[in-house]
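J.: Numbering (the numbering used here), first residue to last: 105 to 242.
Even glycine gets a Cβ: it sits at the ideal position worked out from N, Cα and C.
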């Protein structure tokens, strides 16, 4: 558990390393770390590789958005162009909600099918399954 609690000296060394490395990163690492920590409900120590990976991911997302905006024929790009290019990233949460809703619908349908199967089995006791399953064969 000692690894969980880093000493202030270790954090200072890590911050110094991040500062040196941040020259090669797309965004100031301190800002990326601040955003991560603001969105954590509990206090966590964030490893250096996580900070760097988050920073690189944000850079890749912004690069993708910029490439999408580059396709526009207009010289001046507006927020409308930005939102159009960033739409796929903003719709991720919406798509996750849609997937959850579809899963719930399918679970309800499965439960209804299980009820129908149970009713059929009650109506056809004795395991005369050959007759029920064979009726679909040609």
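1) Would you call the region 128–138 in contact with the region 161–173, where contact means no fewer than 3 C-beta pairs closer than 8 Å?
2) Ends of the alpha helix (DSSP H) at residue 172?
3) Please state whether DSSP places residue 145 in a helix, a strand or coil.
4) Out of 215, 156 and 138, state which residue places its alpha-carbon closest to the alpha-carbon of residue 148.
5) What residue range does the alpha helix (DSSP H) around residue 183 cover?
6) By how many angstroms is the C-alpha of residue 227 removed from the C-alpha of residue 216?
7) Assign residue 141 to buried or exposed, taking buried as 16 or more other Cβ atoms, counted over all protein chains shown, within 10 Å of its Cβ.
8) Is residue 129 helix, strand or coil when you go by DSSP?
9) How should residue 167 be labelled, buried or exposed, when 16 other C-beta atoms within 10 angstroms of its C-beta is the threshold for buried?
10) Exposed or buried, what is residue 194 when buried is set at 16 or more other beta-carbons lying within 10 Å of its beta-carbon?
11) Per the contact definition of three or more C-beta pairs closer than 8 Å, is the region 185–202 in contact with the region 167–176?
12) Contact defined as beta carbons within less than 8 Å: I believe residue 155 pairs with residue 136. What is the distance between those atoms, to the nearest angstrom?
13) Please classify residue 159 as buried or exposed, where buried requires at least 16 neighbouring CB atoms within 10 angstroms.
T.: Taking the definition as stated:
1) yes
2) 152–174
3) coil
4) 138
5) 183–194
6) 17 Å
7) exposed
8) coil
9) exposed
10) exposed
11) yes
12) 6 Å
13) buried
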